[in-house]
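Numbering (the numbering used here), first residue to last: 1174 to 1366.
Glycine included, C-beta positions come from ideal geometry on N, C-alpha and C.
None of the values given here were measured: they were computed from a predicted structure.
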Amino acid sequence: MSPETGRRISARSQIVLLSGLVILWCLVWGEVTVLNVLTGLVLAVVISLLFYLPAIDLSGRVNFWFVLVFFVRLLIDIARASLEVAWLVIDPRYKPSSAILAIPLDTRSDLIMMFTAEAISLVPGSIVVDVDRQESVLYVHVINVRSEKDLEDFRDEVFATEKRLVMAIGSHDDVWRVRQPNHLTRSHTGGTA
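Now the structure itself:
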């Protein structure tokens, strides 16, 4: 049972969780054998019974076109940011400037929030330093910010990443949320969704 909501994890979510732990166990050992799968399954069951693992609500929908769009854009963002950070390293005129931003997400899904945080942290020049699960807020450290416009541009990038993820694997509820007009204007008004 989840302490926040008092609800049970659905059977489908439990199977996905256990499967993920078994796959992780097999990756640790570097091979898939009957013994590794069985010991991984036993350990996964023991871990899920002994330790609290938050319920992950799976939307049950996957849009493969948007999954492809998400990964292609992520690779482009990583390449672009890598070049920008490399230039900052060798630029003798660069004066360090950074900020920590609180970015409220539209999604209420822990899975989408986690994937958004991971995608942001994979792109050089930014890293998620804290997460507020209750309010769906990411706290992100960003380098090379010099103006309010830089901050707004970065927020817009985070919102675009969240939207691509929601369109790829989010629930119908989350899709509706990211399509609302306030999704596009909240970074400029400072409001939360």
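Residue(s) in a DSSP beta bridge with residue i
i     : result
A1275 : Y1312
V1367 : A query on residue 1367 cannot be resolved here, the shown segment of the chain reaching from 1174 to 1366 and no further.
I1300 : H1314
Through-space distance from residue j to residue i, alpha-carbon basis
i     : j     : result
D1326 : V1313 : 13 Å
L1210 : V1218 : The question names Leu, yet the displayed sequence has Val at residue 1210. Each residue's alpha carbon lies about 12 Å from the other.
S1299 : R1281 : 22 Å
F1332 : A1252 : 19 Å
F1224 : L1200 : 21 Å
L1216 : E1204 : 17 Å
E1335 : D1303 : 17 Å
E1321 : G1213 : 49 Å
Q1353 : D1279 : 10 Å
V1195 : V1301 : 27 Å
S1175 : S1344 : Since pLDDT at S1175 reaches only 38, below the 50 mark, its modelled position is unreliable, and the value read off the structure follows with that caveat. Using only the alpha carbons, I get a separation of about 20 Å.
F1237 : D1305 : 29 Å
W1202 : V1235 : 30 Å
R1266 : I1316 : 15 Å
Exposure of residue i, with buried meaning 16 or more beta-carbon neighbours within 10 Å
i     : result
L1190 : buried
G1363 : Because G1363 sits at a pLDDT of 42, beneath the cut-off of 50, its placement in the model cannot be relied upon, and the following sentence gives the value as read from the coordinates. Exposed: under 16 other Cβ atoms inside 10 Å.
W1198 : buried
I1188 : exposed
G1193 : exposed
R1350 : buried
I1342 : buried
H1361 : Note that H1361 has pLDDT 41, beneath the 50 cutoff, so the model's placement of it is unreliable and no number is given.
7 Å CB neighbourhood of residue i in its chain, flanking five on each side removed
i     : result
V1242 : R1337
L1324 : A1272, L1274 and V1318
R1246 : R1337
Under 8 Å between C-beta atoms of residue i and residue j
i     : j     : result
P1277 : E1257 : no
V1318 : S1255 : no
I1293 : D1347 : no
M1340 : F1244 : no
Residues near residue i by beta carbon distance below 6 Å, same chain, minus five either side
i     : result
V1310 : A1275 and P1277
P1297 : A1254, S1255 and V1258
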